[in-house]
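Following: one structure in structure tokens, then a few remarks.
There are 2 protein chains.
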Amino acid sequence: MTATMSPATPLTGQMIIAGVPVRGTGAEIRGFDPAAGQPLDPAYRYGDSRDVDAACAAAADAFGAYRATTSEQRALFLETIADNIAAITETLVARAVAESGLPVARLTGEVGRTTGQLRLFAEVLREGSWTGARIDPALPDRSPLPRPDIRQRSIPLGPVAVFSASNFPLAFSVAGGDTASALAAGCPVVVKGHDAHPGTSELVARAISDAVTATGMPAGTFSLLFGYGPELGVTLVTDPRIKAVGFTGSRSGGMALVAAAAARPEPIPVYAEMSSINPVILLDGALAGRGAELGAAFVGSLTMGSGQFCTNPGLVVAVDGPGLDTFVAAATEALAASPATPMLTPQIARNYATGVQTLTQTAQVIGRGESGQRETDCRAALFTTDARSFLAADELQAEVFGASSLIVRCADIDEMHAVVAGLEGQLTATVHADDSDLDTARELLPLLELKVGRILFGGWPTGVEVCHAMVHGGPSPATSDSRTTSVGARAIERYLRPVCYQNVPESLLPSAIADGNPDHLWRRIDGRLTQD
Amino acid sequence: MTATMSPATPLTGQMIIAGVPVRGTGAEIRGFDPAAGQPLDPAYRYGDSRDVDAACAAAADAFGAYRATTSEQRALFLETIADNIAAITETLVARAVAESGLPVARLTGEVGRTTGQLRLFAEVLREGSWTGARIDPALPDRSPLPRPDIRQRSIPLGPVAVFSASNFPLAFSVAGGDTASALAAGCPVVVKGHDAHPGTSELVARAISDAVTATGMPAGTFSLLFGYGPELGVTLVTDPRIKAVGFTGSRSGGMALVAAAAARPEPIPVYAEMSSINPVILLDGALAGRGAELGAAFVGSLTMGSGQFCTNPGLVVAVDGPGLDTFVAAATEALAASPATPMLTPQIARNYATGVQTLTQTAQVIGRGESGQRETDCRAALFTTDARSFLAADELQAEVFGASSLIVRCADIDEMHAVVAGLEGQLTATVHADDSDLDTARELLPLLELKVGRILFGGWPTGVEVCHAMVHGGPSPATSDSRTTSVGARAIERYLRPVCYQNVPESLLPSAIADGNPDHLWRRIDGRLTQD
Numbered sequence: 001m002t003a004t005m006s007p008a009t010p011l012t013g014q015m016i017i018a019g020v021p022v023r024g025t026g027a028e029i030r031g032f033d034p035a036a037g038q039p040l041d042p043a044y045r046y047g048d049s050r051d052v053d054a055a056c057a058a059a060a061d062a063f064g065a066y067r068a069t070t071s072e073q074r075a076l077f078l079e080t081i082a083d084n085i086a087a088i089t090e091t092l093v094a095r096a097v098a099e100s101g102l103p104v105a106r107l108t109g110e111v112g113r114t115t116g117q118l119r120l121f122a123e124v125l126r127e128g129s130w131t132g133a134r135i136d137p138a139l140p141d142r143s144p145l146p147r148p149d150i151r152q153r154s155i156p157l158g159p160v161a162v163f164s165a166s167n168f169p170l171a172f173s174v175a176g177g178d179t180a181s182a183l184a185a186g187c188p189v190v191v192k193g194h195d196a197h198p199g200t201s202e203l204v205a206r207a208i209s210d211a212v213t214a215t216g217m218p219a220g221t222f223s224l225l226f227g228y229g230p231e232l233g234v235t236l237v238t239d240p241r242i243k244a245v246g247f248t249g250s251r252s253g254g255m256a257l258v259a260a261a262a263a264r265p266e267p268i269p270v271y272a273e274m275s276s277i278n279p280v281i282l283l284d285g286a287l288a289g290r291g292a293e294l295g296a297a298f299v300g301s302l303t304m305g306s307g308q309f310c311t312n313p314g315l316v317v318a319v320d321g322p323g324l325d326t327f328v329a330a331a332t333e334a335l336a337a338s339p340a341t342p343m344l345t346p347q348i349a350r351n352y353a354t355g356v357q358t359l360t361q362t363a364q365v366i367g368r369g370e371s372g373q374r375e376t377d378c379r380a381a382l383f384t385t386d387a388r389s390f391l392a393a394d395e396l397q398a399e400v401f402g403a404s405s406l407i408v409r410c411a412d413i414d415e416m417h418a419v420v421a422g423l424e425g426q427l428t429a430t431v432h433a434d435d436s437d438l439d440t441a442r443e444l445l446p447l448l449e450l451k452v453g454r455i456l457f458g459g460w461p462t463g464v465e466v467c468h469a470m471v472h473g474g475p476s477p478a479t480s481d482s483r484t485t486s487v488g489a490r491a492i493e494r495y496l497r498p499v500c501y502q503n504v505p506e507s508l509l510p511s512a513i514a515d516g517n518p519d520h521l522w523r524r525i526d527g528r529l530t531q532d
Numbered sequence: 001m002t003a004t005m006s007p008a009t010p011l012t013g014q015m016i017i018a019g020v021p022v023r024g025t026g027a028e029i030r031g032f033d034p035a036a037g038q039p040l041d042p043a044y045r046y047g048d049s050r051d052v053d054a055a056c057a058a059a060a061d062a063f064g065a066y067r068a069t070t071s072e073q074r075a076l077f078l079e080t081i082a083d084n085i086a087a088i089t090e091t092l093v094a095r096a097v098a099e100s101g102l103p104v105a106r107l108t109g110e111v112g113r114t115t116g117q118l119r120l121f122a123e124v125l126r127e128g129s130w131t132g133a134r135i136d137p138a139l140p141d142r143s144p145l146p147r148p149d150i151r152q153r154s155i156p157l158g159p160v161a162v163f164s165a166s167n168f169p170l171a172f173s174v175a176g177g178d179t180a181s182a183l184a185a186g187c188p189v190v191v192k193g194h195d196a197h198p199g200t201s202e203l204v205a206r207a208i209s210d211a212v213t214a215t216g217m218p219a220g221t222f223s224l225l226f227g228y229g230p231e232l233g234v235t236l237v238t239d240p241r242i243k244a245v246g247f248t249g250s251r252s253g254g255m256a257l258v259a260a261a262a263a264r265p266e267p268i269p270v271y272a273e274m275s276s277i278n279p280v281i282l283l284d285g286a287l288a289g290r291g292a293e294l295g296a297a298f299v300g301s302l303t304m305g306s307g308q309f310c311t312n313p314g315l316v317v318a319v320d321g322p323g324l325d326t327f328v329a330a331a332t333e334a335l336a337a338s339p340a341t342p343m344l345t346p347q348i349a350r351n352y353a354t355g356v357q358t359l360t361q362t363a364q365v366i367g368r369g370e371s372g373q374r375e376t377d378c379r380a381a382l383f384t385t386d387a388r389s390f391l392a393a394d395e396l397q398a399e400v401f402g403a404s405s406l407i408v409r410c411a412d413i414d415e416m417h418a419v420v421a422g423l424e425g426q427l428t429a430t431v432h433a434d435d436s437d438l439d440t441a442r443e444l445l446p447l448l449e450l451k452v453g454r455i456l457f458g459g460w461p462t463g464v465e466v467c468h469a470m471v472h473g474g475p476s477p478a479t480s481d482s483r484t485t486s487v488g489a490r491a492i493e494r495y496l497r498p499v500c501y502q503n504v505p506e507s508l509l510p511s512a513i514a515d516g517n518p519d520h521l522w523r524r525i526d527g528r529l530t531q532d
């Protein structure tokens, strides 16, 4: 890193390839302040296929040395990134607010979440079970054939391409969950920064690059590129040196990368987190007791951050009746008092308006938020339809990114079961149930398990805790691979694969599976967990 | 099950759909005795899309009740299948010998391996870690926001389609590894039996169906179909009720299923184990000390089972010199004395002959086995080339299914590194090293790790131990998904995905993640393993 890269230095408008600032030569992009309606300095430029080649070559070159680092060394690296990010919190939040229109408190929290994720993976590395260490000792006297000594550990897949999200400029962007888990696994990372927040991206990329230098990691461990997704993004995903992809964004964007990766001579895993309408199921007891309270709280979850969450509650399912009427009345009242808030970009605001307009053709509008004057303003929208109409119209399940939700009125519990059974895959399902609803909830639970990655009771889906047991994932089209999570400790598993070592001489064995357990790991010996 | 299905009853020539014998209406197929050159009774007929529909409907119908069974219930089910298979060992081996031409000893061993796999998964179920139970308890006093109670467990993906292998009529067929691991995970299974051994398939399917009945599992938990892969196989993989696929076979067949699954509206995982030439690396010290011994032993591994193993050693890499000359002389001598042995089917024998013929055009023939009279006979073949030619000709890496191998002579260690770096993904790599070779081996190890699923020292790759630490998998094109194994305890993970439960009332929680640990599992509490 050169001295010009310190956080105190003004933004340079450059990408960073293996520690070196590189000015793109393609189309110019700028951050855009959606609250002020103003483009921001400095200008950035898209990179091209030569930049992809340089970043991938550096990542491939770094991979051998990077994956040979110890868990402790990578834990320190991740913590140094977290420290570097925390040290520039004020600068970072100010820039992210300007580029996203999201509130200061939210983005300050997101800095904490981002550094928390990095520190969680440092903890996961030190705990050591990520190595998947297993040993089946030799059985030289077994009849009819002796058993050889067989050991297993996990190794990183190789360089990973990460695509930043629009809606989490920090926690799902340059140093977000995908980057943190891939770096933890031992994979160099090439990030495609999001056009909506290039300045935030540059600041975070510097924080990572400085940590690469400070902890002595190979320079190619990290690069940040900008570029047009269908061009530079596809070039990146199809580069033979890239071995896995993390993506958070639209269904069409995610599926395009899935298709590109599948068409490679060597197909690779793509973890695309795409589209979810996050059904909220209101059961009768809860509605009867708390209908008004739930209606107001629902609008709070719906409109938070202009509804720009993957876990935004875009669908409400309930059995028709006075409880639901109370909920709807409270929700429409709260909605009417909801101010218009800026969306991340003018394009996202236009897509939102189109999505709402499309819904108007098949569902009934029952509430709108306040309208605004800015081109980026999101005017919240609430629709209703009956279960039969919902089941007949696939388009009613399409995600409208932003503060839009559809209430499906069911005639009875059987119809509610049919609606749940007819859902596409989702990130979350929320159930509001009182004690009198538990039998109903018990019958719904197995149906919901097959549809979602996370089931929550009595809250709202828009908070995603970063912890060991979280699943932020779910069946298609919520994600392209339901077997993993993008949030929480298990995300490291996405970037690993098992390797078996048979009769490998002791002096050549990796320490995770060496005799005497030098790394003090929990390991499976003949299938039994032990720290011996 | 009807009484007509007992193992004592002659083969009926029928498929089994959810416990009911069903006669296909399509093309007739018969087992074929490759040693005698004779077709076998009875005739079987291909099923059609209606049969696929019936099997998938039954599997989907069974899924809810089947996945609700306890680990102990499924363990008993798997053990009952194993008992039923063991009880008909003699009948089964006789039929499998007739249908495959493989020796009695090998197939008797394969019965043991098949029942052993089923019993291993019973053990995995009882140990319980397959549930992936994790609990992050609520932190109600956390500031600024309380943490909810968050728990995680794994659930089965849904009905699984399993495609039988030609070369393991028992261990990778109807009740083989894929079936055992999918049933263990809680997934109903629809098997497409292999055309080469329909009678063996029917016998094993009866054993499974009888166990379904005896242990009270839902009838749709298991079905056996016959059919033409590009038709019935693709119909099966694209049926929306199928949620994952296990396949062992050719690269073209596997990739066709991968493409069909990827093109579904809801893409699903395909675990295809396809193509591997299993490099054997001979280092100088080992060659100098044991060149002749290694040459003879190599031919034993090469010609075993007419070379029809996924792990057959189809490539030998060594530095040129007198040690390699000794190895080659011993190998060609042993090869010349190797009798011709029947291959599984006339088509496989024709493909083998074509593959050998193609290799003859780019590599030098240095040895052949004895020639035979039967149309299915495999005449073993050994080729050589130099490293530069090998690196220049992709076709030299194509798998020739059968007893064919290519020795690549390298000028020096650098060329050996280049050959290893130029390899496609493989199931295995074998290293023969003496003490004097350890430094050389240490440098090769990281290169090999990136290419293969299993690294073995001092043996031959053709034995695959069924145990906790085994990996039978590897980077593309060895398999379509390097993150898993098809042999060993971890195969159960292929058919699972995680689900998160947030603030779910205690009375609704699955027992794996209930308070008080009623299933006595190892679980992660706040990320730490404990049995509390």
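The listed protein sequences correspond, in order, to chains F and B. The end of the first sequence is residue 532 by UniProt numbering, with every number in the run present. The end of the second sequence is residue 532 by UniProt numbering, with every number in the run present. Where a beta carbon is used, it is the ideal one built from N, C-alpha and C, also for glycine. Computed from a predicted structure; not experimentally measured.
Proximity of residue i and residue j at Cβ, strictly below 7 Å
i, j, result
"Ser-250 of chain F", "Ala-403 of chain F", "no"
"Gly-186 of chain B", "Pro-156 of chain B", "yes"
"Leu-225 of chain B", "Ala-55 of chain B", "yes"
"Gly-227 of chain F", "Gly-47 of chain F", "yes"
"Gly-323 of chain B", "Gly-295 of chain B", "no"
"Val-190 of chain F", "Ser-480 of chain F", "no"
"Thr-462 of chain F", "Phe-309 of chain F", "yes"
"Val-431 of chain B", "Ala-441 of chain B", "yes"
Those residues which DSSP pairs with residue i across a bridge
i, result
"Val-270 of chain F", "F:Val-245"
"His-432 of chain B", "B:Leu-282"
"Ser-480 of chain F", "The partner list for Ser-480 of chain F (beta bridge, DSSP) is empty, contrary to what the question assumes."
"Ala-161 of chain F", "F:Val-190, F:Val-245"
"Asp-33 of chain F", "F:Gln-38"
"Leu-529 of chain F", "F:Arg-524"
"Val-408 of chain F", "F:Val-317, F:Thr-385"
The beta strand (DSSP E) enclosing residue i, as first and last residue numbers
i, result
"Gln-364 of chain F", "364-368"
"Arg-379 of chain B", "Unbroken run through Arg-379 of chain B: none, as it is neither H nor E."
"Ala-318 of chain B", "315-319"
"Ile-17 of chain F", "15-17"
"Gly-453 of chain F", "452-457"
"Pro-21 of chain F", "20-22"
Host alpha helix (DSSP H) of residue i (start-end)
i, result
"Val-212 of chain F", "198-214"
"Ser-306 of chain F", "Taken as a continuous stretch (DSSP letters only), Ser-306 of chain F belongs to no alpha helix (DSSP H), as it is neither H nor E."
"Tyr-66 of chain F", "49-67"
"Met-255 of chain F", "251-262"
Among the options, the one whose alpha carbon lies nearest that of residue i
i, options, result
"Asp-325 of chain F", "F:Gln-357, F:Arg-409, F:Thr-362", "F:Arg-409"
"Gln-73 of chain F", "F:Ala-261, F:Arg-497, F:Val-124, F:Ala-161", "F:Val-124"
"Gly-459 of chain F", "B:Thr-9, B:Ile-150, B:Ser-129", "B:Ile-150"
- Message: When you compare the region 477-491 of chain B with the region 173-183 of chain B, are there three or more beta-carbon pairs, one atom per stretch, that lie closer than 8 Å?
- Response: yes
- Message: So, does the region 463-482 of chain F touch the region 133-140 of chain F, judging by three or more C-beta pairs under 8 Å?
- Response: Per the Cβ contact rule, the region 463-482 of chain F is not in contact with the region 133-140 of chain F (fewer than 3 Cβ pairs under 8 Å).
- Message: Using 8 Å as the cut-off, can you tell me whether the region 508-515 of chain F makes contact with the region 198-205 of chain F, which would need three or more C-beta pairs spanning the two stretches below that distance?
- Response: Below 8 Å, too few C-beta pairs join the region 508-515 of chain F and the region 198-205 of chain F to call them touching: fewer than three.
- Query: Given 8 Å as the limit, is there contact between the region 341-353 of chain F and the region 34-41 of chain F, that is, 3 or more CB pairs closer than that?
  - Reply: The way I'd put it, the region 341-353 of chain F does touch the region 34-41 of chain F; three or more beta-carbon pairs between them come closer than 8 Å.
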